[in-house]
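Under mature numbering (1 follows the signal peptide of the UniProt record, and there is no 0), read the sequence shown as residues -29 to -1, 1 to 262, first letter to last.
Where is the CB? At the ideal position from N, CA and C, for every residue including glycine.
Read through the structure below, which is laid out as structure tokens, and then see the notes.
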Amino acid sequence: MRKVLHYLFHTRNHTFIMLHLLLQGLVYAEYTWEVFGYCQELGFSLHYLLLPYLLLVINLVFFTLSCVSNPGTITKANEFSLLQVYEFDEVMFPKNMKCFTCNVRKPARSKHCRVCNRCVHRFDHHCVWVNNCIGAWNARYFLIYLLTLTASAATMAVVSTVFLVQLVVVSDLYLETYVDDLGHLQVIDIVFLIQYLFLTLPRIVFMLGFVVMLSFLLGGYLCFTLYLAATNQTTNEWYRGDRAWCHHCPHVARPPSAEPQVYRNIHSHGLWSNLGEIFLPAAAHCAEKMN
Ligand SMILES: [Zn+2]
Ligand SMILES: [Zn+2]
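So, in structure tokens, the structure goes:
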């Protein structure tokens, strides 16, 4: 068990990429096979029904880019220029730190990824779903990937819900009555309706439950990622933020009497500038300046 977990989460492997594609394939197959045809019969607009496919194409492009792009690997060749990009805050990222595994000096905001065994510039996190680190150079791809994945799950949830509601309305199902266990005539309520729909259209209702759950999970994570982008923080910095003063950190030796130093985000320069940095990584500005 430990070996399996180690393989899944601590080594680079394609398991979650395969699982991702399998689940995406199953949801889209169900959508195409049943929902699409039924919705057309009910007169839904074709633009509306094709939207999930458009989102799928964009999503797969940015999924691929997130998987294969260089997140910002620090090498001997780019070490010097990357050291100039961000200011050292001397709390979370002290100057003159070295990674002995990669044999490079660590730029501010970088981190050594133990899964990929490399130092990454503006390291955010290692994502098992794309089997790659998310760093300065691919954060933009990852953000668009997450945005389109959330949008496709939400669009499918809306289309499927509207379809089921239409079905109930068109067939006057909600006006029906049934006889309960005690022999009384009952008007159909929402619980009975859901049970009825699950028995008659099990795959669609199951898919709807799955995409609704995904929409909330991905939507929550997307909000968190947008918050980090808007405030110019990485997940790594956010996680370490309130403990960076830092008894746990062996590199920052402080006298016992020293006041705890609270980490302050020195990289935020306003909303638009922060968002711009995701799409035009600061390394690019630096390289331009140096040229
Ligand atoms: Zn390293
Ligand atoms: Zn990694």
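| query | result |
| --- | --- |
| Integer Cβ distance of Lys82 from Phe94, believed to fall under 8 Å | 4 Å |
| Alpha carbon of His164 to alpha carbon of Val32, nearest angstrom | The amino acid occupying residue 164 in the given sequence is Leu; His does not appear at that position. Rounded to whole angstroms, Leu164 to Val32 spans 39 Å at the Cα level. |
| Residue from Tyr192, Tyr19 and Leu135 with nearest C-alpha to Tyr167 | Leu135 |
| In chain order, each alpha helix (DSSP H) run of at least 4 residues that lies wholly inside the stretch 47 to 115 | 50 to 54 |
| Contact under 7 Å by Cβ, Leu26 with Ser123 | yes |
| Buried versus exposed call for Cys194 [16 or more other C-beta atoms within 10 Å across all chains shown] | exposed |
| Distance, Arg111 Cα to His97 Cα | 15 Å |
| Residues sharing a beta bridge with Leu156, DSSP | Val150 |
| N-terminal and C-terminal residue of the alpha helix (DSSP H) that Tyr2 is part of | Neither: Tyr2 is in no alpha helix (DSSP H) and is coded neither H nor E. |
| Beta-carbon spacing of Cys90, Ile161 below 7 Å | no |
| Helix, strand or coil at Thr132 according to DSSP, with G and I counted as helix | helix |
| Thr119 - DSSP class collapsed to helix/strand/coil | helix |
| Close-in-space but distant-in-sequence residues of the same chain around Pro226 (CB under 7 Å, 5 per side omitted) | Below a pLDDT of 50, predicted positions are generally treated as unreliable, and Pro226, at 49, falls in that range; no measurement from the model is reported. |
| Contacts around Val176, its chain only, beta-carbon distance under 7 Å, and the 5 residues preceding and following it disregarded | Leu168 and Phe169 |
| Counted within 10 angstroms of its Cβ, other Cβ atoms place His(-20) as buried (16 or more) or exposed | exposed |
| Thr171 versus Leu138 - alpha carbon distance | 12 Å |
| Rounded distance between the beta-carbons of Val141 and residue 263, thought under 8 Å | Lying outside -29 to 262, the shown extent of the chain, residue 263 is not represented and no answer is given. |
| Residue nearest to Gly190 in terms of C-alpha spacing, selected from Leu179, Leu118, Val101 and Arg76 | Leu118 |
| Alpha helix (DSSP H) segment containing Gly190, residue limits | Pro173 to Ala201 |
| For Thr44, three-class secondary structure by DSSP | strand |
| Selected residue, minimal CA-CA separation from Pro42, among Val101, Pro173, Met(-29) and Tyr234 | Val101 |
| Reduced DSSP category for Asn30 - H, G, I as helix; E, B as strand; rest coil | helix |
| beta-carbon Cys70 near ligand 1 non-hydrogen atom, thresh 6 Å | yes |
| CB of Phe34 within 7 Å of CB of Tyr(-23), strictly | no |
| Three-state secondary structure assigned by DSSP to Ser142 | coil |
| Nonlocal neighbours in the same chain, by C-beta distance under 7 Å from Lys77, ignoring five residues either side | Met68, Lys69, Cys70 and Cys90 |
| Span of the alpha helix (DSSP H), counted from its first residue to its last, around Gly8 | Phe7 to Glu12 |
| Environment of Ala224 [buried if 16+ CB atoms lie within 10 Å] | A caution first: Ala224 carries a pLDDT of 48, below 50, which makes its placement in the model unreliable, though a value can still be read off. Under this definition Ala224 is an exposed residue. |
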